[in-house]
Amino acid sequence: MKAQPIDIRQLACERDQRELFEGVSLRLEPGDVLQVAGPNGSGKTSLLRILAGLLPAASGDVLYADASVFGGPGRDTWRQRRLYIGHAPAVKGALTAEENLSWLCALSQPVSRELIWQALQMVGLRGFEDVPCDHLSAGQQRRVALARLYLEAHPVWILDEPFTAIDRTGVATLEAHVLAHAASGGIVVLTTHHSLEHLPGLRCLDLGQVA
Amino acid sequence: MLQIVWLLFTREWRLAWRRPGQLLNPLVFFAIVISLFPLAVGPEPGMLRTMAPGVIWVAALLATLLSLDGLFRSDYEDGSLEQWVLSPHPLALMVLVKVLHHWLVCGLALVLLSPLFGLMLSLPSRVLPVLALTLLLGTPVLSLLGAVGAALTVGLKSGGVLLALLILPLYIPVLILGTGAVEASVQGLPVTGYALWLACLAVLSLSLAPVAIAAGLRIGVSE
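In order, the protein sequence lines correspond to chains A and B. Numbering follows the numbering used here, with no gaps: position 22 of the first sequence is 63. Numbering follows the numbering used here, with no gaps: position 209 of the second sequence is 288.
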C-alpha cells in the first residue's frame, strides 16, 4: 500500500509548562525517510508520540491525505495507516516471540503463524519462536518488536530509537528494510543516535535548531 | 471484533497462568484474614455468626483492591498499553475483556470459596447460597470500579494508597448492600431487594466503567 503525503503544520509541543519545540512545519511525500535529530530532551520522542496520536499537540496540526489526524474521519484512517514502535517494545516477557507478535499484529490485522515464523527468520530469530521473551537478550527482544515491520502492511512507520541494542549487521539489515519500504512508496519517521548519512534520500529534522 | 476479544482473552489467560503467584495472592490474603478472625476474637459461634457477613465482605473487598493495583501496570511499563490505545479496535471493549478475565480468575474464585469460609465462621448453611450470590453480583462491581482507579493511577510509581482513597468511597454502597443481604438472610428476612440493587449496580458498572477505564488509560499513556 502506498502512503499519502503527510503535512505537519506549525506543530508545537509543551511538557510540564516548558516549550520543547514550536513552529515545526514540513511535508513528507511517499518515499521519504525522515530522521528526527537533536540533543537529549529536545522533544524527539514527544514529536513521534504526537505524530502517532499518543500525545496531544500544544498547537498546530498534522494532516494525512489532507485530513487532520487529531480527530474526525482522518484519525480513523490514520489509525490503520501508521505503525508506531516506541521506546518500550511492548514485548511481554512471559509470552513467546510468536505469541507476542501474533497479539501485536492482531491489534490491527491478524496474521498467520507461517508469516510470523518467516518474519522472525528475517530478524535473525529462527529457532527462538517458542522461547519466552524474558529468556532473550535486550537486543533479541527489540528484534521481536521490529519483526512487526515485516508483518504489518502499514504504509507509514514511526520508529523511536529502533536500533537500540541491535548489533551492527542487524542495523544494516534494518536500514536496508527501511530503504526498501520507502522505495515502495512508504514513509518512515525515526529517531536514532546512529549515523544514517549514508542512506540515500534521507531527510533530517534537527529539533535542536528549531527550538 | 469477536476475534480480537478471543485473542485478548487467550493472551490474558496465558499471562495469568505463567505467573500463577499473582493469581493466588488475593485468594491467600482472603483465606488468611478470615482464618485469623476466629483465633483473635474467640471461637464462640454466636459472636462469629454476627460478625461473619461483615468480615467476609471486607476481606473480599480488600483482596480485590489488592489485586487491582497492578492490573494495568505491567502493560503500561512495557509499552503494550500504547499499542492498545493506538489500535483501531475500541479500547473500552479491550479493557472490558481484560477486567472480566481478571474477575474470572480472582473474583470468581472468591465466590466459589466463600461458602467454605462462611462455614468456618459458623454461618447457618441456608445462608451460604445467599452469601455466594451477593458476592457473585458484587465482586464484578468491585473489579470494574477498582479498574477505573487502577487506570487513573497507572502512571504513578506508587499508586496503591491513592487507588484505595479514590475507590473505597465508591465501594461503600456495594459493601452495605452485600452485608445487609447476608445479615437479613441470617435473621430469616427476604433478600430479593438487596440482590436486585446489587444486580442493578453490576449492570450499571458493566456498561459505564469500561468507558471510564479507557479514558483513564488514554490520560495515563499521554503523560
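Glycine included, C-beta positions come from ideal geometry on N, C-alpha and C.
Query: Under 9 Å by beta carbon: chain A residues contacting D157 (chain B); Result: A129, P130, A131, V132, K133, G134
Query: Any alpha helix (DSSP H) of 4 or more consecutive residues that is wholly inside the stretch 46-119 of chain A; Result: 85-93
Query: Proximity winner among A:K133, A:Q150, A:H234, A:L148, relative to R97 (chain B) (alpha-carbon distances); Result: A:K133
Query: Contact the stretch 155-165 of chain B vs the stretch 112-131 of chain A: 3+ CB pairs below 8 Å; Result: yes
Query: Residue span of the alpha helix (DSSP H) that contains I251 (chain B), given as start and end; Result: 239-265
Query: Reduced DSSP category for D175 (chain A) - H, G, I as helix; E, B as strand; rest coil; Result: helix
Query: Inter-residue CB distance, A138 (chain A) and V212 (chain A) (contact presumed, cutoff 8 Å); Result: Not really, about 20 Å apart at Cβ, beyond 8 Å.
Query: CB contact flag (G84 (chain A), L61 (chain A), <9 Å); Result: yes
Query: C-alpha distance - E216 (chain A) paired with L240 (chain A), whole-angstrom precision; Result: 8 Å
Query: Contact with chain B by R313 (chain A), beta-carbon distance below 9 Å; Result: Given that chain A is displayed from residue 42 to residue 252, the structure contains no residue 313 (chain A) and the question cannot be resolved.
Query: Bridge partners - V197 (chain A), DSSP secondary structure assignment; Result: A:R123, A:I228
Query: D247 (chain A) - containing beta strand (DSSP E), residue span; Result: 243-247
Query: Span separating the alpha-carbon of R100 (chain A) from that of G299 (chain B); Result: One detail in the question is off: residue 100 (chain A) reads as Ser in this sequence, not Arg. Roughly 21 Å between the two C-alpha positions.
Query: Cβ-based burial, C279 (chain B) [other Cβ within 10 Å; buried from 16]; Result: exposed
Query: Residue environment, A194 (chain A), which counts as buried when at least 16 other CB atoms sit within 10 Å; Result: exposed
Query: Alpha helix (DSSP H) segment containing G165 (chain A), residue limits; Result: Where G165 (chain A) is concerned, there is no enclosing alpha helix (DSSP H), given that its DSSP letter is neither H nor E.
Query: DSSP three-state assignment for T214 (chain A), whether helix, strand or coil; Result: helix
Query: Rounded separation between A138 (chain B) and P97 (chain A) - CA only; Result: 41 Å
Query: As assigned by DSSP and simplified to three states, the class of T89 (chain B); Result: helix
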